[in-house]
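Novice: Handing you this structure, nothing more for now.
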Amino acid sequence: MANIWLLSLLFLICILLAVFNHKKKHGQLPSPPGLPVIGILHQLGELPHQSLWKLSKKYGPVMHLKLGRVPTVIVSSAETARQVLKVHDLHCCTRPSLTGPRELSYNYLDIAFSPYDDYWKEVRKLCAQELFSTKQVHSIQPIKDEEVKKLIDSISESASQKTPVNLNKKCLSLTVSVVCRATFGVSFEGTVLNSDRFNQIVREALEMLGSFSASDFIPFVGWIIDWLSGLQSRRERSKRDLNLFYEQMFDLHKQGKKQGSEDFVDLLLRFEKEEVVLGNDKLTRNHIKAILMDVLLAGMDTSAITMTWAMTELARNPRVMRKVQNEIRTQMGEKAIISMDEIEQFHYLKMVIKETWRLHPTTPLLIPREVTSEIQIDGYTIPVKTRLHVNVWAIGRDPETWKDPEAFLPERFMDNNIDAKGQDFELLPFGGGRRICPAIYMGTTMVEFGLANLLYHFDWKLPDGMVVEDIDIEEAPGLTVNKKNDLVLVPTKYLDPCN
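Going letter by letter, the sequence shown gives residues -18 to -1, 1 to 481 in mature numbering (1 follows the signal peptide of the UniProt record, and there is no 0).
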């Protein structure tokens, strides 16, 4: 009898513990302690994705943050990302609205931050059909060929003089030129902005859009903090610089100084003139600027960032550099032009790019989402109006998913079918769900084509006095995360009879 009572007591205790844990899990999200009013805003620093990754190691893959008045949840594993981007995508695919000084600075509606509504759907469809379709991407291949040839000629001149090349600038200049010609119908040289100034404008705008602003989380007081810190004045300056570029572009189109037939800007300006309705609103000049901002910033910057990080990791890993160059050169022979069909055969190059995306996703926290209906993530209840971030940078370094996560090993993709199209939540450089980037194919082909040519035409060495260990991987802050310090390498022309 005593044994029966003892077993019953143990059974009851087990039930009570299970109920307690269930209530605890569903009622209280893991949350790092913070200060009154500001919460943990002071702990985010310049690189929030890294700070949040460190916190997730202690508090888990679903973590609630006290960020002023805004309830925020960070998910940091492939499984929790799957729940957000697939299982509950419909209930958290809208964007939190921009408020306060940030809204005043970027007072044209950016489709990346717009709600999930009819306007967003129609603009996305328009961009997909006119800019990012497979047919459109193939149609601009001649532009890519011309701009890559200019890049190769420029680097060849440096190779003949044995002078170092700044690959951050070279990669960005390439993507800027391709996007300007393919999307806007003008060469970059058609604007009054010089290359260095334009690149600075792009980086500044991305840093401002990606900054964690006090005014986003603390009403009234946060606005004052942004003004006193100089953040607001930087936003205003960024807006003016972007507007200058847009207005120059519109003037070039009105004056007939652009190249080729009707391009995307012509189409949008025609829609504005015809008062075409997208969603419930007529297309206005501010809408056009918002759409162009997405194309301008995301289309140019992300491909250049991936190429720069790939070349950085290859320079740090000479074995991988030799292997990928051998693949390209073996199949190319001594041809002068690399075709898109040939790139399809560069399997190891594709693994190098995937591994680059894993360690260096261009948008490490993705763009925030907002919960519109109560959902469950990993057993925790996420209330309405909660802001959601997916930390894809942390997912790429999760030891539960990746063996030796800090090592650059493209071979890890040899025995699996993980791709970057949004269905494999271990690798999400373009996001996933309804908000997945519509320019996956365009961005991927740009990176593949640019890298293939850089690796085929040149051998790359470190500047005199520099060793592999000197190559840093420090990151610059912003909505997209580039290499903080420029990558400078010395090119040597491949198949050059003088060498």
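Ideal Cβ positions, reconstructed from N, Cα and C, are used throughout, including at glycine.
#1: What distance in whole Å lies between the Cβ atoms of residue 165 and residue 113, which are believed to be in contact at a cut-off of 8 Å?
#2: Going by DSSP, what residues sit across from residue 46 in a beta bridge?
#3: In the structure shown, what three-state DSSP assignment does residue 12 receive?
#4: Between which residues of its own chain and residue -18 is the CB-CB distance below 6 Å, once the five residues before and five after are set aside?
#5: My parser needs the alpha helix (DSSP H) runs of 4 or more residues fully inside the segment 214 to 270; what are they?
#6: Give the secondary structure of residue 338 by DSSP, where H, G and I count as helix, E and B as strand, and everything else as coil.
#7: Secondary structure at residue 88, three-state DSSP: helix, strand or coil?
#8: With DSSP as the reference, identify every bridge partner of residue 351, one or two as the case may be.
#9: Whose C-alpha, out of 319, 361 and 266, is nearest the C-alpha of residue 439?
#10: Just to confirm my understanding: we take residue 153, look at its own chain, exclude 5 residues before and 5 after, and list those with CB closer than 6 Å. What are they?
#11: Could you give the C-beta distance for residue 338 and residue 455, rounded to a whole number, given that I count them as a contact under 8 Å?
#12: Are at least three pairs of beta-carbons, each pair with one atom in the segment 241 to 258 and one in the segment 130 to 141, less than 8 Å apart?
#13: In chain order, what residues of the same chain lie with their CB nearer than 7 Å to the CB of residue 355, ignoring the 5 residues before and after it?
#14: With DSSP collapsed to three states, give me the class of residue 17.
#15: With a CB to CB cut of under 8 Å and the five nearest residues on each side skipped, what residues in its chain are close to residue 216?
#16: Please state the DSSP three-state secondary structure of residue 467.
#17: Does the beta-carbon distance from residue 493 to residue 334 come in below 9 Å?
#18: Quick one: Cα of residue 228 to Cα of residue 115, how far?
#19: If we count Cβ pairs, one from each stretch, closer than 8 Å, do we get three or more for the segment 370 to 386 versus the segment 56 to 71?
#20: Measure from the alpha carbon of residue 378 to the alpha carbon of each residue in 273, 364 and 400, then state which is nearest.
#21: Among all the DSSP beta bridges, which residues are the ones paired with residue 76?
#22: Out of 206, 163, 268 and 211, which one is the CA nearest neighbour of residue 234?
#23: Give me the Cα-Cα distance between residue 207 and residue 20, rounded to the nearest whole angstrom.
#24: Closest by CA to residue 361, which one among 51, 103, 65 and 34?
#25: Using 8 Å as the Cβ pair cut-off and three pairs as the minimum, do the segment 324 to 334 and the segment 300 to 316 touch?
#26: Suppose you measure from the CA of residue 15 to the CA of residue 49; what does that come to, to the nearest Å?
#27: To which residues of the same chain is residue 314 closer than 8 Å at the C-beta, ignoring the five residues directly before and after it?
#28: By Cβ distance, which residues of its chain are closer than 8 Å to residue 453, with the 5 residues on each side in sequence left out?
#29: Measure from the alpha carbon of residue 463 to the alpha carbon of each residue in 349, 442 and 426, then state which is nearest.
#30: Which residue comes first and which comes last in the beta strand (DSSP E) that contains residue 362?
#31: Considering only the alpha carbon of each residue, which of 67, 246, 433 and 447 lies closest to residue 309?
#32: By the three-class DSSP mapping on this structure, what secondary structure does residue 442 have?
#33: Opposite residue 358 in the DSSP bridges: which residues?
#34: Are the beta-carbon atoms belonging to residue 52 and residue 78 less than 9 Å from one another?
#35: Since residue 69 is in the alpha helix (DSSP H), which residue starts that stretch and which ends it?
#36: Distance check for residue 205 and residue 276, CA to CA, integer angstroms please.
Specialist: Once the coordinates are examined:
#1: Sequence index remark: in the sequence shown, residue 113 carries index 131 (1-based). Sequence index remark: in the sequence shown, residue 165 carries index 183 (1-based). Rounded, the Cβ-Cβ distance is 6 Å, consistent with contact.
#2: Residue numbering aside, residue 46 sits at position 64 when the sequence shown is read from its first letter. Answer by DSSP bridge pairing, in chain order: 55.
#3: Taking the first residue of the sequence shown as position 1, residue 12 is located at position 30. Here residue 12 sits in coil by DSSP.
#4: Residue mapping note: residue -18 aligns to position 1 of the sequence shown, counting from 1. Unreliable placement is indicated for residue -18, whose pLDDT of 49 sits below 50; no coordinate value is reported for it.
#5: 246 to 255
#6: Working through the sequence shown from its first residue, we reach residue 338 at position 356. In the structure shown, residue 338 sits in a helix (DSSP, three-state: H, G or I).
#7: By 1-based counting over the sequence shown, the position of residue 88 is 106. Per-residue confidence for residue 88 stands at a pLDDT of 43, beneath the threshold of 50, marking its modelled position as unreliable; no derived number is given.
#8: Residue mapping note: residue 351 aligns to position 369 of the sequence shown, counting from 1. Beta-bridge pairing links residue 351 to 370.
#9: As a first step, residue 439 is located in the sequence shown; it is residue number 457 there, counting from the start. Cα-wise, what sits closest to residue 439 is 319.
#10: Translated into positions along the sequence shown, residue 153 becomes position 171. Answer for residue 153: 286, 289 and 290, listed in chain order.
#11: In the sequence shown, the residue the question calls residue 338 occupies position 356. In the sequence shown, the residue the question calls residue 455 occupies position 473. Their Cβ separation, rounded to whole angstroms, is 11 Å, which puts residue 338 and residue 455 out of contact at 8 Å.
#12: no
#13: In the sequence shown, counting from the first residue as 1, residue 355 sits at position 373. Cβ within range, chain order: 73 and 366.
#14: Locating residue 17 in the sequence shown gives position 35, counting from the first residue. Looking at residue 17 - three-state DSSP - the assignment turns out to be strand.
#15: In the sequence shown, residue 216 corresponds to position 234, counting from 1. Excluding sequence neighbours, residue 216 sits near 186 and 190.
#16: Taking the first residue of the sequence shown as 1, we reach residue 467 at position 485. In the structure shown, residue 467 sits in coil (DSSP, three-state: anything other than H, G, I, E or B).
#17: Beyond the ends of the chain as shown, which are -18 and 481, falls residue 493; an answer cannot be given.
#18: Locating residue 228 in the sequence shown gives position 246, where the first residue counts as 1. Locating residue 115 in the sequence shown gives position 133, where the first residue counts as 1. Going from the Cα of residue 228 to the Cα of residue 115 covers about 24 Å.
#19: yes
#20: The count along the sequence shown starts at 1 and reaches residue 378 at position 396. If we check each option's Cα against that of residue 378, 400 comes out closest.
#21: Within the sequence shown, residue 76 is the residue found at index 94, counting from 1. Residue 76 is bridged to 352.
#22: In the sequence shown, counting from the first residue as 1, residue 234 sits at position 252. Checked all of 206, 163, 268 and 211; the closest Cα to residue 234 is 163.
#23: Counted from its first residue, the sequence shown places residue 207 at position 225. Counted from its first residue, the sequence shown places residue 20 at position 38. The straight-line gap from Cα to Cα measures roughly 12 Å.
#24: Here the question's residue 361 lines up with position 379 in the sequence shown. Minimum Cα distance to residue 361 is reached at 65.
#25: yes
#26: For this step, residue 15 is matched to residue 33 along the sequence shown. For this step, residue 49 is matched to residue 67 along the sequence shown. The alpha-carbon atoms of residue 15 and residue 49 are separated by roughly 11 Å.
#27: Taking the first residue of the sequence shown as position 1, residue 314 is located at position 332. These residues qualify, in order along the chain: 320, 324 and 438.
#28: The count along the sequence shown starts at 1 and reaches residue 453 at position 471. Excluding residues within five positions, the ones whose Cβ falls inside 8 Å are 294, 297, 298, 444 and 469.
#29: Working through the sequence shown from its first residue, we reach residue 463 at position 481. Taking only the C-alpha atoms, the option nearest residue 463 is 349.
#30: Taking the first residue of the sequence shown as 1, we reach residue 362 at position 380. First-last of the beta strand (DSSP E) with residue 362: 362 to 364.
#31: By 1-based counting over the sequence shown, the position of residue 309 is 327. Closest option to residue 309, Cα to Cα, is 433.
#32: Position 460 of the sequence shown holds residue 442. Strand, per DSSP.
#33: For the purposes of this step, residue 358 is identified with residue 376 of the sequence shown, where counting begins at 1. Its beta-bridge partners are 363.
#34: Counting from one through the sequence shown, the residue named residue 52 turns up at place 70. Counting from one through the sequence shown, the residue named residue 78 turns up at place 96. Taking 9 Å as the Cβ cut-off, residue 52 and residue 78 qualify as a contacting pair.
#35: Start at 1 with the first residue of the sequence shown, and residue 69 comes out as number 87. From DSSP, residue 69 is part of no alpha helix (DSSP H); its letter is neither H nor E.
#36: Counting from 1 along the sequence shown, the entry for residue 276 is found at position 294. Counting from 1 along the sequence shown, the entry for residue 205 is found at position 223. Taking the straight line joining both Cα atoms gives about 26 Å.
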